[in-house]
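Residue numbers (my numbering), protein chains in the order written: chain A, 195 to 442; chain B, 721 to 878.
Glycine included, C-beta positions come from ideal geometry on N, C-alpha and C.
Single-structure report; data block below.
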Amino acid sequence: MSDSILGYAVQYGGYILELALLVLIMRTGQWRKRIYVCLYLFLLLSVDAVGRPLVLHKFGVSSPQYSYFYWMSDVLLILGAFLLVCSLFRRACAGQEKMWDLLLPTLGAVFALVLGISLASLHEHYKNLVSVFIVEFQQNLYFACLVLNTLLYILLQRRESEDAELAMTVCGLGIQFAGPAANFALVYLAQNNERFWALYQYLGPLCTIGMLATWFYAVVHVPQPAKVAGKERAPAWASSALRPEGAK
Amino acid sequence: MVLAAFILITSTALFFFYLQAACQRALSTKFEQEYFRSIVNANRLEFLSLRKELEEYGHAVDYGRLRMTLKCDFLALTYLLKNAANVNQRYSRDESLLMLYFRALFVIVSARRLFHLSEKKGVLKLTAILEYFANVVGQRVNQYRFGNLAPSDYLLEL
């Protein structure tokens, strides 16, 4: 009883946090700057709070349809997070076009490779998806994202980037990738032990909450750099004073 | 099997690394002024002298006193965080997270001591957390005006 209450608290706490963060970013007008974060949050919210509950309600928790939908949507979320990390690389390379020119094809190739391998593996094992295959597959996918995210963190440290908000976003994603990757590896090593599966039921949403809390901190607490004054029309006396003599 | 074990170890290590990095980022928040000095003086906290001692000698002269000092300062500051100029009378999420981080670091420092490893880095991190707490308390107290009382006078009367 207490287990299910805790499970619901973690689950609904996550939904509320996702929605609150999305609303906060929209209301504070920061969505232009964090458009990819917003898109990812929107994807997370539609899958977590809308898609999965709908399928669950229609087919039931023990139905194969729900299992398939759950794991497929999880793959979609990880691929979305992968793209988000790529967009953060772009932000980290702002003002360094040469580095970005070098990184863009590399990131594109890595994403195509991950996508290709994911689709091929899923196609091959589609009939017995909910088996040890999905554990190994998810473990590898999460770990690939974690490695990419860590490379981004190292890049930020090497460049001594002052973008504290970006660093917090990367830390949040690190928590989101590392926890489930470790849990899936543990489940794989323990050969699908049910206790470790039960652990994932809490660890997955808790890591998402950890990521969202870190992002919240980045949005609310990290000071924004001072805005550069916009172009304003110069007063008439200044324009006339600056105008070269003889010019109309 | 080997790959799974590698992923398990690396991911677990990175999980704690990112948690620590997020906490360290939160600690690096810049305050408008050094609010912590008045709090340290008013409450006779000792973590600043402890930090100075560590920076000068490279290690604590008396480990027992170091533990006691850190513990007492932590208790005093967490009490002030909750009760000094705090309308809600409860900790914020960041403060709760940092308190948890402090406790975890405290255990790690003790473990390092047990294995005869240098505890300097850990203790410096602990003092950084205490400085952050003192800054938060100082900033809060500073925002309130209590007649002609300075923040330290207010705290002495608490």
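Cβ-Cβ distance between residue i and residue j below 8 Å
i                 : j                 : result
PHE164 of chain A : ALA384 of chain A : What the structure shows of chain A is the stretch from 195 to 442, and residue 164 of chain A is not part of that stretch, so it cannot be assessed.
LEU850 of chain B : PHE767 of chain B : yes
SER312 of chain A : VAL279 of chain A : no
ASP242 of chain A : TYR206 of chain A : no
GLU359 of chain A : ALA288 of chain A : no
VAL760 of chain B : ALA854 of chain B : yes
ILE369 of chain A : GLY404 of chain A : yes
TYR852 of chain B : LEU747 of chain B : yes
LEU297 of chain A : PHE276 of chain A : no
ARG745 of chain B : LEU844 of chain B : no
PHE410 of chain A : LEU215 of chain A : yes
ASN386 of chain A : VAL329 of chain A : yes
VAL204 of chain A : PRO399 of chain A : yes
TYR811 of chain B : LEU801 of chain B : yes
ALA286 of chain A : LEU346 of chain A : yes
GLY373 of chain A : LEU397 of chain A : yes
ASP793 of chain B : LEU765 of chain B : yes
GLN859 of chain B : PHE751 of chain B : yes
LEU273 of chain A : LEU309 of chain A : yes
Within chain B, partners of residue i - CB distance below 7 Å
i                 : result
TYR411 of chain A : ALA746 and ASP814
ALA372 of chain A : SER731, LEU734, PHE735 and TYR738
LEU199 of chain A : As written in the sequence, residue 199 of chain A is Ile, which differs from the Leu given in the question. The premise fails here: ILE199 of chain A is roughly 21 Å from chain B at the closest Cβ pair, so nothing lies under 7 Å.
THR408 of chain A : ALA742
Partners in chain B for residue i, counting only beta-carbon separations shorter than 8 Å
i                 : result
HIS415 of chain A : ALA746, THR749 and ASP814
ILE369 of chain A : PHE735, TYR738, LEU739 and ALA742
Range of the contiguous alpha helix (DSSP H) that encloses residue i
i                 : result
ALA721 of chain B : Inspection of the sequence shows that residue 721 of chain B is occupied by Met rather than by Ala. Segment: none, MET721 of chain B is in no alpha helix (DSSP H) and carries neither H nor E.
CYS280 of chain A : 258-286
LYS227 of chain A : Element bounds for LYS227 of chain A: n/a, residue is neither H nor E.
ILE831 of chain B : Residue 831 of chain B is actually Ala in this sequence, not Ile. Residues 813-834.
LEU808 of chain B : Residue 808 of chain B is actually Asn in this sequence, not Leu. No alpha helix (DSSP H) holds ASN808 of chain B; DSSP gives it neither H nor E.
GLY252 of chain A : First, the amino acid is wrong: residue 252 of chain A is Lys here, not Gly. That run of the alpha helix (DSSP H) goes 246-253.
SER838 of chain B : Neither: SER838 of chain B is in no alpha helix (DSSP H) and is coded neither H nor E.
HIS317 of chain A : 291-318
GLN395 of chain A : 388-414
ASN803 of chain B : 783-803
LYS321 of chain A : No alpha helix (DSSP H) holds LYS321 of chain A; DSSP gives it neither H nor E.
GLU766 of chain B : Segment: none, GLU766 of chain B is in no alpha helix (DSSP H) and carries neither H nor E.
TYR382 of chain A : 358-383
Chain A contact residues for residue i, given Cβ-Cβ distances below 9 Å
i                 : result
ALA725 of chain B : ALA379 and LEU383
Proximal residues of chain A, C-beta to C-beta of residue i below 7 Å
i                 : result
MET728 of chain B : Sequence inspection shows Leu at residue 728 of chain B; the Met mentioned does not correspond to that position. Within 7 Å Cβ-Cβ: ALA376, ALA379, LEU380 and LEU383.
Partners in chain B for residue i, counting only beta-carbon separations shorter than 9 Å
i                 : result
LEU332 of chain A : Note that residue 332 of chain A is Gln in the sequence shown here, rather than Leu. Under the 9 Å cutoff, chain B gives no residues; its nearest Cβ is about 11 Å from GLN332 of chain A.
CB contact check: residue i to chain D, cutoff 8 Å
i                 : result
GLN385 of chain A : In summary, chain D is missing from the structure at hand, where the protein chains are A and B.
Residue i beta carbon near the ligand MG (any heavy atom closer than 7 Å)
i                 : result
LYS227 of chain A : No copy of the ligand MG appears in this structure; indeed no ligand is present at all.
Got a sec: which bits of the segment 805-821 of chain B sit with their beta carbon under 9 Å from any beta carbon on chain A, in order along the chain? Correct list: ARG813, ASP814 and LEU817.
Going along the segment 375-392 of chain A in order, which residues come within less than 7 Å of chain B, judged by CB to CB distance? Listed in sequence order: ALA375, ALA376, ALA379, LEU380, TYR382 and LEU383.
Residues of the segment 731-743 of chain B with a CB closer than 8 Å to any CB of chain A: list them in chain order, please. So the close ones are SER731, THR732, LEU734, PHE735, PHE737, TYR738, LEU739, ALA741 and ALA742.
Check each residue of the segment 338-367 of chain A: if its Cβ is closer than 9 Å to any Cβ of chain B, include it; give the result in chain order. Residues are counted here when their Cβ sits less than 9 Å from a Cβ of chain B; for the segment 338-367 of chain A these are LEU340, VAL341, ASN343, THR344, TYR347, ALA358, ALA361, MET362, VAL364, CYS365, GLY366 and LEU367, given in chain order.
Using Cβ-Cβ distances below 9 Å, what residues of the segment 773-795 of chain B are close to chain A? In summary, no residue of the segment 773-795 of chain B has a CB separated from any CB of chain A by less than 9 Å.
Tell me, please, whether the segment 322-338 of chain A touches the segment 361-379 of chain A by the rule of three or more beta-carbon pairs shorter than 8 Å. Using a C-beta cut-off of 8 Å, the segment 322-338 of chain A makes contact with the segment 361-379 of chain A, since at least three inter-stretch Cβ pairs fall below that distance.
Please confirm if the segment 242-253 of chain A is in contact with the segment 217-234 of chain A, defined as three or more CB-CB distances below 8 Å between the two stretches. No, because fewer than three Cβ pairs between the segment 242-253 of chain A and the segment 217-234 of chain A fall closer than 8 Å, the two stretches do not touch.
Tell me, please, whether the segment 828-843 of chain B touches the segment 727-744 of chain B by the rule of three or more beta-carbon pairs shorter than 8 Å. By the Cβ criterion, the segment 828-843 of chain B is not in contact with the segment 727-744 of chain B, since fewer than three pairs of Cβ atoms, one from each stretch, lie closer than 8 Å.
I want to know whether the segment 351-365 of chain A touches the segment 314-332 of chain A - three or more CB-CB distances under 8 Å. The segment 351-365 of chain A is not in contact with the segment 314-332 of chain A.
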